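In mature numbering (1 follows the signal peptide of the UniProt record, and there is no 0), the protein residues as written are -22 to -1, 1 to 231.
Set out below in structure tokens:
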């Protein structure tokens, strides 16, 4: 982690100088990202409990035997990151579904790799550079810029506009959390490219999440490229620990 921290600071010193002179903060995202500094975060993933396996095997078998019309309807009901919704066509009883939900709740969020995360003034008015650095170097999302004047993200592929608020309950794979979502869709004769950013905080106020998704599909809806990463940072590393800041202020007196 120390080596990661040193690498992050080395990469970020040039923009850090410009960020210190900026009077404004990147509105909206300053709630979810460390501004003008690198903070210790982590790339995370979700591990589902093994007790879910029998349920998934059962509904997979039933699903495969259904007519295409039913398959399309059932797929349309699924929300990414949420449990499969109850439907009698999947062959389970309400009691079985209740047990399925209990097994689902045993999911765990695990840290995959340490990441140094922050957002910095670029030197160009209202434009902020995202920095996300892992041990192997900057993550692809480090190409993202935030325009605080339009409250939009800028990627090499185009502009992600603010779609609005998002909110997830306890059944979400990352637990109960809420925040903002930005999206972009770019269509050509060769493919459809979609980019999504979600930034939010957990209901208990302990963590902030930064989620980046990119997918590209050909005209036959076959995936050409897919990229997804979820970063989690303790809220105290964004705004600072109130007790620690109070102690520092007292020590300076």
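Glycine included, C-beta positions come from ideal geometry on N, C-alpha and C.
Only a predicted model underlies this, so the values are computations on that prediction, with no experimental measurement involved.
The stretch 33 to 49 and the stretch 130 to 138 do not touch, with fewer than 3 CB-CB distances between them shorter than 8 Å. In this chain, the alpha helix (DSSP H) harbouring residue 80 covers 72 to 82.
DSSP places residue 192 inside the beta strand (DSSP E), whose first and last residues are 185 to 195.
When the alpha-carbon of residue 164 is set against those of 17, 125, 138, 18, the nearest one is in 138. With a cut-off of 8 Å on Cβ pairs, the stretch 90 to 107 is in contact with the stretch 13 to 33, counting three or more such pairs. With distances taken between CA atoms, residue 89 lies nearest to 211 out of 211, 217, 215.
Between the alpha carbons of residue 144 and residue 153 lies a gap of roughly 13 Å. Under DSSP, the beta-bridge partners assigned to residue 140 are 160. For residue 38, the enclosing alpha helix (DSSP H) stretches over residues 31 to 42. With the rule of 3 Cβ pairs closer than 8 Å, the stretch 190 to 208 counts as touching the stretch 106 to 126. Burial state of residue 39 is exposed, judged by a 10 Å Cβ sphere holding fewer than 16 other Cβ atoms. A Cβ-Cβ distance of about 5 Å is found for the pair residue 63 and residue 55, placing them in contact under the 8 Å criterion.
Shortest Cα-Cα distance from residue 178 to any of 191, 172, 155 involves 155. If you draw a 10 Å sphere on the C-beta of residue 12, you find 16 or more other C-beta atoms in it, and that means buried.
Under the three-state reduction of DSSP, residue 212 is assigned to strand. At the C-beta level, residue 140 and residue 37 stay beyond 9 Å of one another. When the beta-carbon positions are compared, residue 195 and residue 213 stay at least 9 Å from each other. According to the DSSP assignment, residue 51 belongs to the alpha helix (DSSP H) that extends over 46 to 55.
From the listed residues 176, 215, 217, the smallest Cα separation to residue 157 is found for 176. In the three-state reduction of the DSSP assignment, residue 7 falls in the helix class, which pools H, G and I. Residues of the same chain with a CB within less than 8 Å of the CB of residue 65, apart from the 5 flanking positions on each side, are 52, 55 in chain order. Short of 8 Å from the beta carbon of residue 44, and not among the five residues preceding or following it, lie these beta carbons of its own chain, in chain order: 52, 67. Under the three-state reduction of DSSP, residue 154 is assigned to coil, being neither helix nor strand. Taking every protein chain shown into account, the CB of residue 110 has 16 or more other CB atoms within 10 angstroms, so this residue is buried.
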